[in-house]
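Single-structure report; data block below.
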Amino acid sequence: MSLPTPLALQDSRYAPCKSGNPLSQEIWLLHGYASHQDDLFGFAPYLSKEFAIRSLRATHPLAFGGYAWYALSFDDQGIRQTNEEEAQASMERVAEALRWHAEAFPEAPRPILMGFSQGGILSNALRTRYPDLVRGIAAVASYFPVEWSCLGQVASNLPHWAAVGTEDGVVPAHMSLPSYETARVIHGMDVDVHTYPMPHTISPACFTDLLQWFRQVSA
27 MSLPTPLALQ DSRYAPCKSG NPLSQEIWLL HGYASHQDDL FGFAPYLSKE FAIRSLRATH
87 PLAFGGYAWY ALSFDDQGIR QTNEEEAQAS MERVAEALRW HAEAFPEAPR PILMGFSQGG
147 ILSNALRTRY PDLVRGIAAV ASYFPVEWSC LGQVASNLPH WAAVGTEDGV VPAHMSLPSY
207 ETARVIHGMD VDVHTYPMPH TISPACFTDL LQWFRQVSA
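Under my numbering, read the sequence shown as residues 27 to 245, first letter to last.
Shown next, in the form of structure tokens:
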């Protein structure tokens with residue numbers, strides 16, 4: 027009897043590995059704020075030669091279009107505020123899907139998470155709560171949310187890769203880089219952080235290095 031599809035995957039996009047191996051390494055893509063599941067799925071043709079791809083849709087629809095893993099707001103001083111309750115609920119929703127994968131495909135490797143922007147922030151946080159459900163974490167144009175109260179314990183041996191754009195005006199390097207250093211000092215987290223001369227996007231050089239990292243982790 028097949029298991030019911032978890033909520034996090036019901037509106038996802040899936041591309042099987044072109045090798046035809048049903049136990050291929052899966053890469054789960056978590057998009058950014060105000061985006062959708064088809065955004066990062068554009069990388070599937072370049073990844074599905076070696077990996078199976080699932081591109082997830084975030085939890086909360088936005089009035090102006092797209093979806094978010096959690097709400098963002100700004101206080102009177104213009105400081106961005108995160109709805110941690112929604113973030114934690116989205117983390118559990120993704121974790122539920124990861125548990126489903128482990129039960130449905132017990133002989134397959136655990137998925138690798140790759141998040142962009144808000145999806146990368148959520149992926150970074152997921153590492154601290156559910157490290158046993160994933161094989162590795164990659165975060166692009168993101169930061170580590172060291173201020174979140176819902177963080178758990180970090181698994182120090184989990185492969186973790188991050189890309190920071192030196193020209194990123196949305197998640198600037200002066201915000202992102204110190205967050206990874208703080209996470210290293212406070213949590214003992216070992217993240218392989220790379221910088222690229224790119225804005226809030228995934229440059230060809232970044233993607234090339236990311237693909238190589240996928241290969242190393244899945245080897």
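Every residue, glycine too, gets a C-beta built ideally from N, C-alpha and C. Predicted, not measured: the structure shown is a model, and the values here were computed from it.
- Between Gln51 and Ser175, the beta carbon gap of about 33 Å keeps them out of contact (Cβ cut-off 8 Å).
- C-alpha of Ser116 to C-alpha of Leu33: approximately 10 Å in a straight line.
- Secondary structure of Leu159 (DSSP, three-state): helix.
- Under the DSSP assignment, Leu139 falls in the beta strand (DSSP E) whose first and last residues are 138-142.
- In terms of Cβ geometry, Ser143 and Val197 form a close pair [threshold 8 Å].
- Counting only runs of 4 or more residues that sit fully inside the stretch 30-75, the alpha helix (DSSP H) segments are 33-36, 63-66, 70-73, in chain order.
- Contact check for Val160 against Leu139 passes: the beta carbons are separated by less than 8 Å.
- Per DSSP, the continuous alpha helix (DSSP H) segment holding Asp235 begins and ends at 230-244.
- Contact between Ser168 and Gly141 holds, since their C-beta atoms are separated by about 6 Å, short of 8 Å.
- Shortest Cα-Cα distance from Tyr40 to any of Ala70, Val120, Glu133 involves Ala70.
- Taking Arg83 as the centre and dropping the five residues before and after it, the same chain places the C-beta of Asp37, Ser38, His62, Gln63, Tyr93 closer than 7 Å to its C-beta, in chain order.
- With 16 or more other CB atoms across the displayed protein chains lying within 10 angstroms of its CB, Val172 is buried.
- With a 10 Å radius around the Cβ and a threshold of 16 neighbouring Cβ atoms, Ile212 comes out exposed.
- In terms of Cβ geometry, Leu35 and Ile53 do not form a close pair [threshold 8 Å].
- According to the DSSP assignment, Leu177 belongs to no alpha helix (DSSP H), since it is labelled neither H nor E.
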